[in-house]
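The numbers in the sequence shown follow this note's numbering, run straight up by one, and end at 308.
Notes follow the structure.
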Amino acid sequence: MSSPTTKLLPRLIRQTFLAIEQSEGAGARVRRSIGTPKLRNFSPFLMLDHFFVSPGAGFPDHPHRGQETITYLIEGGMDHEDFAGNRGRLGPGDLQFMTAGRGIVHAEMPAQGEGVNVGLQLWVDLPKRLKGCEPRYRDLKAEEVPVVEVDGGKVKVKVISGESHGVDSVKDLAYTPVWLLDVEVRPGGKIVQPLPEGWNAFAYTLEGDVVFGQEGGERKKVEQFHNVVFGDGGQAVYAEVEEGAEKSARFVLVAGTPLDQKVVQYGPFVLTSQEEVYQAFMDYQTHSNGFERADGWESEIGKSMVH
Numbered sequence: 002m003s004s005p006t007t008k009l010l011p012r013l014i015r016q017t018f019l020a021i022e023q024s025e026g027a028g029a030r031v032r033r034s035i036g037t038p039k040l041r042n043f044s045p046f047l048m049l050d051h052f053f054v055s056p057g058a059g060f061p062d063h064p065h066r067g068q069e070t071i072t073y074l075i076e077g078g079m080d081h082e083d084f085a086g087n088r089g090r091l092g093p094g095d096l097q098f099m100t101a102g103r104g105i106v107h108a109e110m111p112a113q114g115e116g117v118n119v120g121l122q123l124w125v126d127l128p129k130r131l132k133g134c135e136p137r138y139r140d141l142k143a144e145e146v147p148v149v150e151v152d153g154g155k156v157k158v159k160v161i162s163g164e165s166h167g168v169d170s171v172k173d174l175a176y177t178p179v180w181l182l183d184v185e186v187r188p189g190g191k192i193v194q195p196l197p198e199g200w201n202a203f204a205y206t207l208e209g210d211v212v213f214g215q216e217g218g219e220r221k222k223v224e225q226f227h228n229v230v231f232g233d234g235g236q237a238v239y240a241e242v243e244e245g246a247e248k249s250a251r252f253v254l255v256a257g258t259p260l261d262q263k264v265v266q267y268g269p270f271v272l273t274s275q276e277e278v279y280q281a282f283m284d285y286q287t288h289s290n291g292f293e294r295a296d297g298w299e300s301e302i303g304k305s306m307v308h
């Protein structure tokens, strides 16, 4: 008997492209897809980095204003520390949702002594009315993330944010509504994942080859390290791994409510006008309007970079 989801209109693929590896921070390597000439802004998403950080490399003290960051650690350990005294460590499968709001200065460094630390960092724009909010963090531990199995166990979905096949995520973690699903598909496995209509959505392939699209319709096989941008029509993403594939595939599926506002970004400052960006620079340099605590502050973890 066919399930009700098979009647859903598929989201069509608008574009797919390889995330090219580049240097970022101090000695770190990232594969950036959103935030490049291929896909500058895809509201509310500003940037997606798939990062690979060895001990001795990292992202020492740096500021943010006007956006949220979602960090999802896949392998290893990452420490973070900010000028308000917040500190913590992410382990495999853990997440941190950070709202920069009016201003934060922090450092993100690999746990020393581990191998390569791998994860994703997604930058999400904040609605204009919230850009001046107080900074905050929400952490989500791997064991808190609900998991649902689909297609007789051939598909496993970690429901980080949003919902999948009757399973809801624990709580709202970001101010800007975002769904974030980590999907693993074994050979022969299929999933039809409904998404909120009108939201922008993309998938990023972490491992293996995934076929996106509905049988009998437009389909595309996508390899590892690609961003798959979906059009705004349709109700669900169809994905599968071919029966004869050598290995399973894994991808994150992300959707968010588009914001009807201008994006003016300069590095870590994301605002809605050039004047606000200049103001952010001034505030950061003069330690004012949210950056007061940056005066004389240095992270302990960032000092590991100073040789």
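Where is the CB? At the ideal position from N, CA and C, for every residue including glycine.
Using three-state DSSP, classify L19 as helix, strand or coil. Three-state DSSP puts L19 in a strand.
Whole angstroms are fine: how far does the CA of H288 sit from the CA of G297? So the two alpha carbons sit approximately 10 angstroms from each other.
Cβ shell of E198 (< 7 angstroms), same chain only, five flanking positions each side left out: Cβ neighbours of E198 beyond the five flanking positions: Q236.
So, L9 versus V193, is the Cβ gap smaller than 8 angstroms? Against a cut-off of 8 angstroms, the Cβ pair of V193 and L9 comes out as a contact.
Going by alpha carbons, who is nearest to K221 out of D233, A240, L207? K221 has its Cα closest to that of A240, out of D233, A240, L207.
For E277, the first and last residue of its enclosing alpha helix (DSSP H): Taken as a continuous stretch (DSSP letters only), the alpha helix (DSSP H) holding E277 covers 275-287.
My output table needs one value for S3: the three-state DSSP class, helix, strand or coil. Because S3 carries a pLDDT of 44, less than 50, the predicted location of this residue cannot be relied on, and no value is offered for it.
Using DSSP with H/G/I as helix, E/B as strand and the rest coil, what is A302? The question names Ala, but residue 302 in the sequence shown is Ile. Note: I302 maps to helix in three-state DSSP.
Alpha carbon of T17 to alpha carbon of E293, nearest angstrom: Linking T17 to E293 through their CA atoms gives a straight-line distance of about 43 angstroms.
Same chain, Cβ closer than 8 angstroms to E76, neighbours up to 5 away in sequence not counted: Cβ contact annotation for E76 (same chain, cutoff 8 angstroms, sequence separation greater than five): P93, G116, V117, N118, V119, G120, in chain order.
If contact is defined by three or more beta carbon pairs under 8 angstroms, each pair taking one atom from either stretch, is the stretch 262-280 in contact with the stretch 125-132? Yes: the two stretches touch, three or more of their Cβ pairs being nearer than 8 angstroms.
To which residues of the same chain is L96 closer than 6 angstroms at the C-beta, ignoring the five residues directly before and after it? By the criterion of a C-beta distance shorter than 6 angstroms, L96 is surrounded in its chain by Y73, L141, once the five residues flanking it on both sides are discounted.
Which class does G154 belong to by DSSP, given the choice of helix, strand or coil? Assignment of G154 by DSSP, reduced to helix, strand and coil, places it in the helix class.
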